[in-house]
Amino acid sequence: LRWSNPAEIADAIENLAVESASAAADKSGELEKLENQLFDFARVLIANPEFRQALNTASDTDANKVSLLESVVNGKYSLPTINLLKRVVVLRRGRSIDATLATYSHYVSNSRNRLVAHVKTAIALTDSQTSSLIAALTKQMGREVHVNIEIDPKVLGGISIRYADDVIDGTVVNRLAEASRALVS
231 LRWSNPAEIA
241 DAIENLAVES
251 ASAAADKSGE
261 LEKLENQLFD
271 FARVLIANPE
281 FRQALNTASD
291 TDANKVSLLE
301 SVVNGKYSLP
311 TINLLKRVVV
321 LRRGRSIDAT
331 LATYSHYVSN
341 SRNRLVAHVK
351 TAIALTDSQT
361 SSLIAALTKQ
371 MGREVHVNIE
381 IDPKVLGGIS
391 IRYADDVIDG
401 TVVNRLAEAS
411 RALVS
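Each step along the sequence shown adds one to the number in my numbering, with nothing skipped, and position 99 is 329.
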């Protein structure tokens with residue numbers, strides 16, 4: 231194999247490490263749990279900016295960051311998830327914790343050969359609505375889709391779907407913003 235720069239080698243090694251952790255979780259029947267817990271931890275970071283900053287800071291030791299992480303996640307997440315989160319905290323390679331976590335989540339999803347869609351709604355979807363959404367996205371994308379649903383009353387209504395580099399934003403707040411821009415111009 232050939233790489234054009236050292237960062238590509240590091241990316242490949244990182245990908246293999248996460249795929250290995252994914253394979254181990256899959257073998258023990260915990261791959262979906264791993265994927266869901268990584269998403270949940272991303273939401274924890276968003277909800278707790280001080281915690282995120284403490285894990286991102288370069289002025290603290292890795293041991294202190296891991297200790298802080300463990301104090302939050304031990305007993306709440308599975309061992310495969312905790313092990314990956316420790317890697318996220320310690321082996322960021324110059325990225326923010328959010329970017330590293332997103333990369334790892336992407337690798338885990340790819341190991342299942344499925345796409346992850348992040349869905350934002352004002353209220354919880356029913357099981358029937360969730361199933362219909364998954365079926366429609368799976369048909370459109372041509373491969374299995376896993377949805378992570380975030381409830382955000384600020385969207386007022388409608389739904390926003392983000393997957394890969396695409397965003398479908400049918401939220402009321404987005405439509406109001408579009409109407410406001412149209413009135414201004």
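Every residue gets a Cβ at the ideal spot worked out from N, C-alpha and C, and that includes glycine.
Here the structure is a predicted model, which means the values were calculated and not measured.
Between residue i and residue j, which are expected to be in contact by the criterion C-beta below 8 Å, what is the C-beta distance as a whole number of angstroms?
{"i": "PHE269", "j": "ASN378", "result": "4 Å"}
{"i": "ILE353", "j": "ILE381", "result": "7 Å"}
{"i": "VAL248", "j": "TYR337", "result": "4 Å"}
Check whether the Cβ atoms of residue i and residue j sit closer than 8 Å, and answer yes or no.
{"i": "VAL349", "j": "VAL320", "result": "no"}
{"i": "LEU345", "j": "MET371", "result": "yes"}
{"i": "LEU264", "j": "PRO310", "result": "yes"}
{"i": "SER284", "j": "LEU261", "result": "Going by the sequence as given, residue 284 is Ala instead of Ser. No, these two residues do not count as a Cβ contact at 8 Å."}
{"i": "VAL402", "j": "LEU413", "result": "no"}
{"i": "ALA240", "j": "ARG323", "result": "yes"}
{"i": "SER341", "j": "SER415", "result": "no"}
{"i": "VAL303", "j": "ILE312", "result": "yes"}
Nearest CA to the CA of residue i: which residue from the options?
{"i": "ALA366", "options": "ALA332, ALA347, THR333", "result": "ALA347"}
{"i": "THR360", "options": "ALA255, LEU345, HIS376", "result": "HIS376"}
{"i": "ILE327", "options": "GLY305, SER341, LYS306, ASP292", "result": "ASP292"}
{"i": "ASN316", "options": "ASP395, THR351, PHE271, LEU386", "result": "According to the sequence displayed, residue 316 carries Lys and not Asn. Nearest C-alpha to LYS316: PHE271."}
{"i": "LEU314", "options": "THR333, ARG325, GLY259", "result": "THR333"}
{"i": "PRO383", "options": "THR351, ILE398, ILE364", "result": "THR351"}
{"i": "ALA394", "options": "ASP357, SER339, LEU406, VAL302", "result": "SER339"}
{"i": "GLU300", "options": "THR287, VAL318, SER289, ALA237", "result": "VAL318"}
{"i": "ALA305", "options": "LEU363, GLN267, LYS257", "result": "It is Gly, not Ala, that sits at residue 305 in the sequence shown. Answer by Cα proximity: GLN267."}
Step through the CB atoms of chain D and report whether any lies within less than 8 Å of the CB of residue i.
{"i": "ILE239", "result": "You won't find chain D in this structure, because it holds only one protein chain."}
message: So within the stretch 313 to 391, which uninterrupted alpha helix (DSSP H) runs reach at least 4 residues, ignoring any that extend past its ends?
response: Listed in chain order, they are 327 to 341, 357 to 371.
task: Counting only runs of 3+ residues fully inside the stretch 270 to 307, write out the beta strand (DSSP E) ranges in chain order.
output: Runs of the beta strand (DSSP E) inside the stretch 270 to 307: none found.
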